[in-house]
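So the structure is just underneath, and the comments pick up after that.
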Amino acid sequence: MDDQYDVIIIGAGPAGSVTAWHASLGGAKVLLLEKDRDIGYPVRCAEGVGAAGLQSIVDPDSRWIANKIKGVDLISPHLKTIHILNEDFGFVLNRKIFDNFLAEKAAKAGAEVLTKAYAESLCFGENGRVNGVVFSHFGRRLSLRAKIVVGADGVESRVGRWAGIRTQLKMKDIETCVQYTMSNIDVKPDVCEFHFSRERSPGGYIWIFPKGDGIANVGIGISGEYARYKSPLQYLEKFVQEHFPKGSV
Ligand SMILES: Cc1cc2nc3c(=O)[nH]c(=O)nc-3n(C[C@H](O)[C@H](O)[C@H](O)COP(=O)(O)OP(=O)(O)OC[C@H]3O[C@@H](n4cnc5c(N)ncnc54)[C@H](O)[C@@H]3O)c2cc1C
C-alpha cells in the first residue's frame with residue numbers, strides 16, 4: 252500500500268470493480284476498498300441481467316452463469332400474461348462468483364484490492380476538493396491520498412453524502428425488497444416471471460428468476476409508502492404458500 256493513488260474506489264461491487272479494472276488498464280494507480288471480508292457476499296440481488304448490457308462489459312463465463320434466459324412473462328393481477336420471447340434474452344448469474352471475477356479482473360490489471368477495508372470519511376484539500384479517503388483496515392486507521400475518489404458503495408451509499416451531494420430519497424421512491432432462494436419448485440426453466448398486482452405487491456412486483464435444477468430466486472419489492480402498513484416479507488410468504496407449497500427456502 253502506498254500513500255498516494257491516482258484513483259481510490261470505495262466499494263467492490265460490479266460498479267467499483269469494473270471502474271478499478273478499466274482505470275488500471277488505462278495505466279492509473281488504483282486502490283479498491285471493500286468493507287466486507289468476502290467480495291460479492293451477502294448477495295442482495297435477484298441476479299437477472301440482460302444479455303446485451305452484460306456483454307457490453309464482459310464476455311459471459313460459465314463459471315458465473317447459473318442459467319440462460321430465453322423469455323420473460325409479465326403477469327397481470329387477473330393472470331393475463333404477456334410472453335416476450337428471445338433466444339438471447341439474458342442470464343441469471345451467480346453474483347458471488349461474478350463479483351469476485353470482476354474484482355479479480357481489476358487485480359490482474361494492476362489494481363490493489365483490499366477487503367475488510369471500511370471507508371469512514373473523505374479528506375478535503377484547501378480548495379475544498381476531495382483528495383483522499385480515511386478507512387479502517389484490521390484495526391488500523393489509515394488516510395491515503397488520491398487525485399480521484401469514486402463512491403461505488405451501492406444503495407447504502409454514504410460517500411456521496413460525505414462529498415456534499417444530496418442523496419436522500421423519498422420513501423415513495425424507495426422499493427423495500429425481500430427475496431428467498433427456493434428449491435423443489437416447479438417453474439419454467441428458462442423464463443423470468445414478473446407478477447404485478449396492487450393487492451399482492453403494491454407499488455412494485457414479485458419476481459421469479461430460475462437458476463436451474465428447480466431452484467429460483469423468488470422475491471418482492473414494494474413501494475416504501477406501503478411497507479409501513481405491511482412488510483414485504485408478509486406479502487412474499489403469502490405468495491410462496493399459494494404458489495410453491497412444497498418448495499423449500
Ligand atoms: C432485492 C434486490 C434484487 C435485485 N435484483 C437485481 C437483478 O435481478 N438484476 C440487476 O441487474 N440488479 C438487481 N438489483 C440491483 C443490483 O443488485 C445493484 O444495482 C448492483 O448490485 C449495484 O452494483 P454496485 O456495484 O453499484 O453496488 P453494490 O453491488 O451494492 O456494491 C457496493 C459495495 O460497496 C461496499 N461498501 C459499502 N459501503 C462501504 C464502505 N463504507 N467502505 C467500503 N466498502 C463499502 C459494499 O459492501 C458492497 O460490496 C437488485 C437489488 C436488490 C436489493
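The sequence shown maps to residues 252 to 500 in my numbering.
All C-beta atoms in this analysis are idealised placements derived from N, C-alpha and C, irrespective of residue type, glycine included.
The model shown is predicted, which means the values in this text are computed figures rather than measured ones.
Inter-residue spacing [alpha-carbon to alpha-carbon] between residue 440 and residue 271: As a position in the sequence shown, residue 440 is number 189, starting the count at 1. As a position in the sequence shown, residue 271 is number 20, starting the count at 1. Approximately 35 Å, taken between the alpha carbons.
Run of the beta strand (DSSP E) containing residue 407, from where it starts to where it stops: As a first step, residue 407 is located in the sequence shown; it is residue number 156 there, counting from the start. No beta strand (DSSP E) holds residue 407; DSSP gives it neither H nor E.
Supposed close pair residue 326, residue 447 - CB separation, criterion 8 Å: Your numbering for residue 326 matches position 75 in the sequence shown. Your numbering for residue 447 matches position 196 in the sequence shown. Going by Cβ atoms, the distance from residue 326 to residue 447 rounds to 7 Å, so yes, they are a contact pair.
Exposure label - residue 389; buried when at least 16 CB within 10 Å: Here residue 389 corresponds to residue number 138 of the sequence shown, with the count starting at 1. By the neighbour-count rule (16 or more Cβ atoms within 10 Å), residue 389 is not buried but exposed.
Terminal residues of the alpha helix (DSSP H) in which residue 356 lies: The residue given as residue 356 occupies position 105 in the sequence shown. Where residue 356 is concerned, the enclosing alpha helix (DSSP H) stretches over 346-359.
Range of the contiguous beta strand (DSSP E) that encloses residue 494: Counting from one through the sequence shown, the residue named residue 494 turns up at place 243. Counting along the chain, residue 494 falls outside any beta strand (DSSP E), though it belongs to the alpha helix (DSSP H) covering 483-494.
Sub-8 Å separation of residue 264 and residue 347 beta-carbons: Within the sequence shown, numbered from 1, the residue matching residue 264 stands at position 13. Within the sequence shown, numbered from 1, the residue matching residue 347 stands at position 96. No, these two residues do not count as a Cβ contact at 8 Å.
Buried/exposed call for residue 452, threshold 16 Cβ in 10 Å: For this step, residue 452 is matched to residue 201 along the sequence shown. Label assigned to residue 452: buried.
Inter-residue Cα distance where the pair is residue 311 and residue 296: Translated into the one-based positions of the sequence shown, residue 311 becomes position 60. Translated into the one-based positions of the sequence shown, residue 296 becomes position 45. Rounded to the nearest angstrom, the two C-alpha atoms are 18 Å apart.
N-terminal and C-terminal residue of the alpha helix (DSSP H) that residue 477 is part of: For the purposes of this step, residue 477 is identified with residue 226 of the sequence shown, where counting begins at 1. Counting along the chain, the alpha helix (DSSP H) containing residue 477 begins and ends at 475-478.
Euclidean distance between Cα positions of residue 363 and residue 332: Within the sequence shown, the letter at position 112 stands for residue 363. Within the sequence shown, the letter at position 81 stands for residue 332. Roughly 48 Å between the two C-alpha positions.
Given residue 309 as reference, the closest of 267, 352 and 294 once Cα atoms are compared: Translated into positions along the sequence shown, residue 309 becomes position 58. Out of 267, 352 and 294, 352 has the C-alpha closest to the C-alpha of residue 309.
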